[in-house]
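Asks: Each residue of the sequence shown is one higher than the one before, counting from 847 in the numbering used here.
Beta carbons are placed, not taken as given, at the ideal position from N, Cα and C, and that holds for glycine.
Quick caveat, the model's predicted, so the values are computed rather than measured.
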Amino acid sequence: MPLALLALAIGAFGIGTTEFVIMGLLPQVGADLGVSVPVAGLLVTGYALGVTIGAPIMTVLGTRISRKNMLMLLMGLFILGNLISAVAPVFAVMLIGRVVASLAHGAFFGIGSVVAAELVAPEKKAGAISMMFTGLTVANVVGVPLGTFVGQRAGWRVTFLIVAALGVLGLAGVAKLVPDVAKPAGVRLRHEVAAFKDVQVILAMAMTVLGFGGVFAAITYIAPMMTGVSGFAASSVTWLMVVFGLGMVAGNLIGGRFADRRLMPLLYTALGGLALVLLLFTFLASGKVASVVTIFLIGALGFATVPPLQKRVLDHAHGAPTLASAANIGAFNLGNALSAWLGGLVISAGLGYAAPNAVGAVLAAAALVLAVLSHRLERRRHRTTAAAGSVAAPDRGAAPAAAGAVHS
847 MPLALLALAI GAFGIGTTEF VIMGLLPQVG ADLGVSVPVA GLLVTGYALG VTIGAPIMTV
907 LGTRISRKNM LMLLMGLFIL GNLISAVAPV FAVMLIGRVV ASLAHGAFFG IGSVVAAELV
967 APEKKAGAIS MMFTGLTVAN VVGVPLGTFV GQRAGWRVTF LIVAALGVLG LAGVAKLVPD
1027 VAKPAGVRLR HEVAAFKDVQ VILAMAMTVL GFGGVFAAIT YIAPMMTGVS GFAASSVTWL
1087 MVVFGLGMVA GNLIGGRFAD RRLMPLLYTA LGGLALVLLL FTFLASGKVA SVVTIFLIGA
1147 LGFATVPPLQ KRVLDHAHGA PTLASAANIG AFNLGNALSA WLGGLVISAG LGYAAPNAVG
1207 AVLAAAALVL AVLSHRLERR RHRTTAAAGS VAAPDRGAAP AAAGAVHS
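#1: What three-state label does DSSP hand ARG1158 in the structure shown?
#2: Ignoring anything shorter than 4 residues, give me the alpha helix (DSSP H) runs that lie fully in the stretch 1059-1122, in order along the chain.
#3: Please determine whether the Cβ atom of VAL1039 lies at a distance below 7 Å from any heavy atom of the ligand GDP.
#4: Which word fits VAL996, buried or exposed, when buried means at least 16 other C-beta atoms lie within 10 angstroms of its C-beta?
#5: Does the beta-carbon distance from GLY981 to ALA1079 come in below 8 Å?
#6: Can you list the alpha helix (DSSP H) stretches of 4 or more residues lying completely in the stretch 915-975, in chain order?
#7: What number of angstroms, rounded off, separates the C-alpha of VAL881 from the C-alpha of ALA938?
#8: Reducing DSSP to helix, strand and coil, say where MET881 ends up.
#9: In this structure, does DSSP put VAL1024 in helix, strand or coil?
#10: Do PHE1149 and MET1110 have their C-beta atoms within less than 8 Å of each other?
#11: Decide if LEU1113 is buried, meaning its Cβ has at least 16 other Cβ atoms within 10 Å, or exposed.
#12: Of all the options PRO884, LEU889, ILE861, which has the alpha carbon lying nearest to the alpha carbon of LEU1260?
#13: Let me know if LEU871 comes out buried or exposed under the rule of 16 or more other beta-carbons within 10 Å of its beta-carbon.
#14: According to DSSP, is ARG1242 helix, strand or coil?
#15: Using alpha carbons as the reference points, say which of ILE1048, PRO1025, VAL1020 lies closest to GLU964.
#16: For ILE1008, is the classification buried or exposed, using 16 other Cβ atoms within 10 angstroms of its Cβ as the cut-off for buried?
#17: Are the stretch 1167-1184 and the stretch 1059-1075 touching by the rule of at least three beta carbon pairs closer than 8 Å?
#18: Rounded C-beta distance between GLY943 and GLY927? I'm assuming under 8 Å.
#19: Leaving out five residues before and five after GLY876 in sequence, what residues of the same chain have Cβ atoms less than 8 Å from its Cβ?
#20: Taking the straight line between their C-alpha atoms, what separation do you get for ALA934 and MET940?
#21: Near GLY892, which residues of its chain fall below 7 Å by C-beta distance, leaving aside the five closest residues on each side in sequence?
#22: Could you have a look at GLY848 and say whether DSSP puts it in helix, strand or coil?
Next up, the structure:
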């Protein structure tokens, strides 16, 4: 794998840390800024919506500059947002900082996915995308637990200052290691937008929204769930996030390995397993051992869908993949926003901190239904194309014979 993938992984590490670390710090942030846990959950929703909106906007703004320069600009925006969060005097400013940082997220992963895929042979594209996303998964093993630990000991503001420093490291990595390849000639915004006419691109994004939404329904409120339902001490949230991160690493590696060969069976297995595990978690969250195992499985099954779904969008948006790729990253975060909001609703309704798991199970099951529909439509299209080709071939051969008969 090219060394440039390391630079992309470094940037992904910083972005992954700021995205997920807030979940382990919601009680501390809420208490310090004078808001309830469900209201503090809006920091997750706001970030996710920022990614959803920012992904296509930032990608469009970057259509006239090289991908390397755009990646560097995005990392600068990421640094600024985290600095605003670190010094926020009130909740509203904290939310603004989260949104500013989020604007870099979708476009970085979207453009980065395209760059990663172009650096390797066609049969290794999913593996290259997986390598970049390894930075995001490792962030959940190293960055998020350390950020949670620091936030609980030294204050959550220190955590966001450290995250900003990670952004500086990511910026330096992109500047040093990513090749300065110009945007392909002839690519226009209308070509990028045309990719959304393919129903398979839309279905893949819908699967992304629902599938990863299932993950975030549970993980957004993991801190109050584990302390209030499972009976863990607040200090245990740090290593529980490590467990989730290890699951994400495993799932990402599995997804990258099999997406190039068995993409749809992998999606069926991951989404079906995720729906089942989340449903069981609704009833097993009170058990400590069951909770630990389930948290790992949620990370593994959820992130096993990332490389195949991203690759599916790139495959069906061939020729104009940048905007579609970034929009799919936005779709991941639209799912995050939707599930965080729905999870807050069921908690506010008095159903308890384990209730968001049931919400996640429904979302993942809906994604599985769309995966089956997508595959059937694709197979029908292939059969239609094959049938049209078999009919056309005899016609082309019959024409000379008929002409010969006339001349005779």
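Replies: A quick look at the data gives this:
#1: ARG1158: helix per DSSP, three-state reduction.
#2: As summarised for the stretch 1059-1122, the continuous alpha helix (DSSP H) elements at least 4 residues long and confined to that stretch are 1068-1071, 1083-1104, given in chain order.
#3: The ligand GDP is not among the ligands present in this structure, which contains no ligands whatsoever.
#4: That one is buried.
#5: The Cβ-Cβ distance between GLY981 and ALA1079 does not fall below 8 Å.
#6: Correct list: 937-964.
#7: Roughly 11 Å separates the two Cα atoms.
#8: A small correction: the amino acid at residue 881 is Val; Met does not occupy that position in the sequence shown. Here VAL881 sits in coil by DSSP.
#9: Correct three-state label for VAL1024: coil.
#10: The answer is no: Cβ separation not under 8 Å.
#11: A residue is called buried once 16 or more other Cβ atoms fall within 10 Å of its Cβ, and LEU1113 is buried on that count.
#12: The first residue shown for the chain is 847 and the last is 1254, placing residue 1260 beyond what the model contains.
#13: Burial call: buried.
#14: At ARG1242, the pLDDT of 48 sits below 50, so the modelled position is not reliable and the matter cannot be decided from this model.
#15: For GLU964, the closest of ILE1048, PRO1025, VAL1020 by C-alpha to C-alpha distance is PRO1025.
#16: It counts as buried.
#17: Touching, yes, given that three or more Cβ pairs across the two stretches are closer than 8 Å.
#18: With a Cβ gap of about 5 Å, GLY943 and GLY927 count as contacting.
#19: Taking C-beta separations shorter than 8 Å and ignoring five residues to either side along the sequence, the partners of GLY876 in its chain run SER882, VAL883, VAL885, ALA886, following chain order.
#20: Distance between the alpha carbons of ALA934 and MET940 is about 5 Å.
#21: Closer than 7 Å at Cβ, skipping near neighbours: LEU941, ARG944, VAL945.
#22: Sequence inspection shows Pro at residue 848; the Gly mentioned does not correspond to that position. Coil.
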